[in-house]
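**Q**
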Amino acid sequence: MCTYIISAILLCIGGVYTLLWKPLTDNVLNICCNGALITYSASTIMLSIYSAELFPSYMRSSAVGISNGLGRIGGIISTFVNHTDFTLNMVRLY
25 MCTYIISAIL LCIGGVYTLL WKPLTDNVLN ICCNGALITY SASTIMLSIY SAELFPSYMR
85 SSAVGISNGL GRIGGIISTF VNHTDFTLNM VRLY
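Once you know that position 66 of the sequence shown is 90 in the numbering used here, the rest is easy, because the numbers rise by one and skip nothing.
1. Less than 6 Å between C-beta atoms, sequence neighbours within five positions excluded: which residues of the same chain meet that for E34?
2. When the Cα atoms are used, what is the spatial distance from I100 to S31?
3. Skipping 5 residues on each side, what residues in its chain have a beta carbon closer than 6 Å to that of T49?
4. So L78 is in the alpha helix (DSSP H); what residue range does that whole segment cover?
5. With a threshold of 7 Å on Cβ separation, who are the neighbours of I37 within its own chain once the five nearest residues in sequence on each side are excluded?
6. In this structure, does DSSP put L48 in helix, strand or coil?
Written out as structure tokens, the structure reads:
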């Protein structure tokens, strides 16, 4: 749970910094996003290990399959959300 909070805080810092100060380089945004990716990956790995230890296999396979499927759908949607930034002329990150 703590790693999700750290990941969310890093993403908020990177987003707010980019929106308010409009830097010329993306160094802070890259550092915050990579830190969030590391903490999120660590929490996902821990979740896989704990679910294998605590739940029976029929319940675990259904729950992990559904959560992975929803995560893939989120990944598909995020490409279109990223594209709307360029087509709707919203906040430019460069």
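Ideal placement from N, C-alpha and C gives every residue a C-beta, glycine not left out.
**A** The relevant details are as follows:
1. Taking the sequence shown and counting its residues from 1, the one referred to as residue 34 is at position 10. Here residue 34 turns out to be Leu, not Glu, going by the sequence shown. The answer, listed in chain order, is C56, G59, A60.
2. For the purposes of this step, residue 100 is taken as residue 76 along the sequence shown, with counting starting at 1. For the purposes of this step, residue 31 is taken as residue 7 along the sequence shown, with counting starting at 1. When rounded, the distance between both Cα atoms is 21 Å.
3. By one-based count along the sequence shown, residue 49 stands at place 25. Closer than 6 Å at Cβ, skipping near neighbours: no residue.
4. To locate residue 78, count along the sequence shown from 1; it is residue 54. Residues 51-78.
5. To locate residue 37, count along the sequence shown from 1; it is residue 13. Closer than 7 Å at the Cβ level, and outside the excluded window around I37, lie C56.
6. Numbered from its first residue, the sequence shown carries residue 48 at position 24. Looking at L48 - three-state DSSP - the assignment turns out to be coil, as it is neither helix nor strand.
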